[in-house]
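The numbering of the sequence shown is my numbering, which starts it at 1384 and goes up by one.
Virtual Cβ for every residue (Gly too), placed ideally from N, Cα, C.
Here the structure is a predicted model, which means the values were calculated and not measured.
Please read the structure below before turning to the comments.
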Amino acid sequence: MLKLLSSAAVAALALTVSLGAARAEGPLDTSKVTKDIRVSATGKAYTIATVVKVDGIAWFDRMREGVKQFKADTGQDAYEVGPSQADAAAQVEIIENLIAQGVDAICVVPFSVEAVEPVLKKARDRGIVVISHEASNIQNVDFDIEAFDNKAYGAMLMQKLGQQMGGKGDYVATVGSLTSKSQNEWIDGAVEYQKQHFPDMKLVTGRLETYDDANQDYNKLKEALTTYPKVTGILGAPMPTSAGAGRLIAERNLKGKVFFSGTGLVSVAGQYIKNGDIDYIQFWDPAAAGYAMDELAVMVLQKKGAQIKAGLDLGLPGYTDLKVPDPSRPNILYGSGWVGVNAANMKDYNF
């Protein structure tokens, strides 16, 4: 595990440098992306729809920037859609509509992998290419691309939370959905790390399901702190938990008494980091993930799926040397693209 975290730290540093360089010219530095995915002068653009968990939150607003940049860079007809609330049935309905429209490819960040499996099978049966993200257990896709090793990501979150808590005390954990595979793998990795390195810490209740909504996070955490008054740690898998936890800690004057470590964005959690209500967030760039999914979709549509394998360089920060952790599932790919942010480096990120 220590070796894994050390490698991840190196990757995170590299991503930090790359992201810093990218902001001079736009959301992403795509100068190293292969030109083969562009529409030729006489070619027809592919229609590629990216379906996200929920539209209108900062995380997927940032992903939309990557999708828009992909469209601008390549000429492909790429766009993003999603339900107004995190709802599995609503996401399935959107995918059904895209199938009816006859899009060439669907890129999806599933709210519930189990819920979308049948409709994604239907899409593939109709000849539609399917690429997923945050869905490492998914079956009915051409390829799934993860930003990193999920358990290592969670272990780093716990390493930071354990340090803040002095290695002891009660904590709670949130997930957007109990069926969100990647987020639950982060918590799995965190709990495993806690049991090994911080045996005096304790997860006091089951995972709080917050539906990727900051108000739900706030309310669920408020209830948890009332039920378990000895809680001094919050481990947040979904991005909105950073806002919900920060708000709760600020309102209740719990700075230095209750600690947070979890996924977040500076645009969402920055005020709480600046004020010292929370100390640490971790994330990857949703814009890069959106762009990477679109890249893979075009490669499959161009019949270049055989090139999508371990070692592939997509030319994007965090996706320059893709890994295949499980040889029995060669279509599940991992990058190395997370960063950790605190008050010292939050100024380096503008999203």
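Exercise for review: Would you mind reading off the limits of the alpha helix (DSSP H) that contains Phe-1443?
Suggested key: 1441 to 1457
**Study point:** Lys-1578: first and last residue of the uninterrupted alpha helix (DSSP H) it sits in
**Key:** 1564 to 1580
**Study point:** Buried or exposed (CB count within 10 angstroms, at least 16 for buried), Ser-1560
**Key:** buried
Check your understanding: Is it true that the segment 1432 to 1450 meets the segment 1620 to 1633, where meeting means three or more beta-carbon pairs spaced less than 8 angstroms apart?
Key -> yes
Practice item. Output the boundary residues of the beta strand (DSSP E) element that contains Asp-1527. Key: 1526 to 1529
Exercise for review: Put Tyr-1732 into one of helix, strand or coil per three-state DSSP.
Suggested key: coil
Check your understanding: Going straight from the alpha carbon of Pro-1466 to that of Tyr-1674, what length do you get?
Key -> 20 angstroms
Exercise for review: Could you tell me the distance, in whole angstroms, from the CA atom of Met-1682 to the CA atom of Ala-1506?
Suggested key: Their Cα atoms are separated by approximately 18 angstroms.
Check your understanding: Roughly how far, in whole angstroms, is the beta-carbon of Arg-1590 from the beta-carbon of Val-1558, given that I think they are within contact range, below 8 angstroms?
Key -> 5 angstroms
Point to revise | Residue burial classification, Gln-1459 (beta-carbon count within 10 angstroms, cutoff 16) | key: Gln-1459 is buried by the Cβ-count criterion.
**Study point:** Pair within 9 angstroms by beta-carbon distance, Gly-1629 and Ala-1652
**Key:** yes
Practice item. Could you tell me whether the Cβ atoms of Ser-1565 and Glu-1592 are closer together than 9 angstroms? Key: no
Exercise for review: Answer with buried or exposed for Phe-1635, where buried requires no fewer than 16 other C-beta atoms within 10 angstroms of its C-beta.
Suggested key: Per the sequence shown, residue 1635 should be read as Arg rather than Phe. By the neighbour-count rule (16 or more Cβ atoms within 10 Å), Arg-1635 is not buried but exposed.
Point to revise | Backbone secondary structure at Glu-1463 - three-state DSSP | key: strand
Point to revise | Buried or exposed (CB count within 10 angstroms, at least 16 for buried), Asn-1714 | key: buried
Exercise for review: Return the chain-ordered list of same chain residues with a C-beta closer than 7 angstroms to the C-beta of Tyr-1702, the five sequence neighbours on each side being excluded.
Suggested key: Result list for Tyr-1702: Ala-1671, Ala-1675, Gly-1718 and Gly-1720, in chain order.
Practice item. Would you identify the three-state DSSP class for Val-1502, choosing helix, strand or coil? Key: helix
Review point. Under 9 angstroms between the Cβ atoms of Glu-1448 and Pro-1410?
Key: yes
Check your understanding: When burial is assigned at 16 or more other CB atoms within 10 Å of the CB, is Lys-1578 buried or exposed?
Key -> Lys-1578 counts as exposed, since fewer than 16 other beta carbons sit within 10 angstroms of its beta carbon.
Check your understanding: If we count the other Cβ atoms within 10 Å of its Cβ and call it buried at 16 or more, is Asn-1533 buried or exposed?
Key -> buried
Review point. Hey, out of Asn-1520, Ser-1495 and Ser-1515, whose CA is closest to Ser-1711's CA?
Key: The option with the nearest alpha carbon to Ser-1711 is Asn-1520.
**Study point:** As assigned by DSSP and simplified to three states, the class of Gln-1468
**Key:** Of the three classes helix, strand and coil, the one that applies to Gln-1468 here is coil, per DSSP.
**Study point:** Buried or exposed (CB count within 10 angstroms, at least 16 for buried), Glu-1568
**Key:** buried
Exercise for review: State the beta-bridge partners of Val-1724 as determined by DSSP.
Suggested key: Beta-bridge pairing links Val-1724 to Ile-1664.
Review point. By Cβ distance below 8 angstroms, which residues in the same chain neighbour Gln-1452 in space, the five residues on each side in sequence not counted?
Key: Gly-1409, Pro-1410, Leu-1411, Thr-1413, Ala-1670 and Tyr-1674
**Study point:** Per-residue DSSP class, three states only, for Thr-1703
**Key:** Thr-1703: coil per DSSP, three-state reduction.
Practice item. Taking only the alpha-carbon atoms, compute the straight-line gap between Gly-1698 and Lys-1418 and give it to the nearest angstrom. Key: 10 angstroms
Check your understanding: Excluding sequence positions up to five away, which residues of its chain have a Cβ less than 8 angstroms from the Cβ of Lys-1551?
Key -> Excluding residues within five positions, the ones whose Cβ falls inside 8 angstroms are Phe-1581, Asp-1583 and Met-1584.
**Study point:** Same chain only: Cβ atoms within 8 angstroms of Ile-1477, ignoring 5 sequence neighbours per side
**Key:** Beyond the five residues adjoining it in sequence on each side, Ile-1477 comes within less than 8 angstroms, by CB distance, of Val-1434, Val-1464, Gly-1465 and Pro-1466 in the same chain, given in chain order.
Check your understanding: Taking just the CA atoms, how far does Val-1499 sit from Ala-1680?
Key -> 18 angstroms
Point to revise | Buried or exposed (CB count within 10 angstroms, at least 16 for buried), Gly-1537 | key: buried
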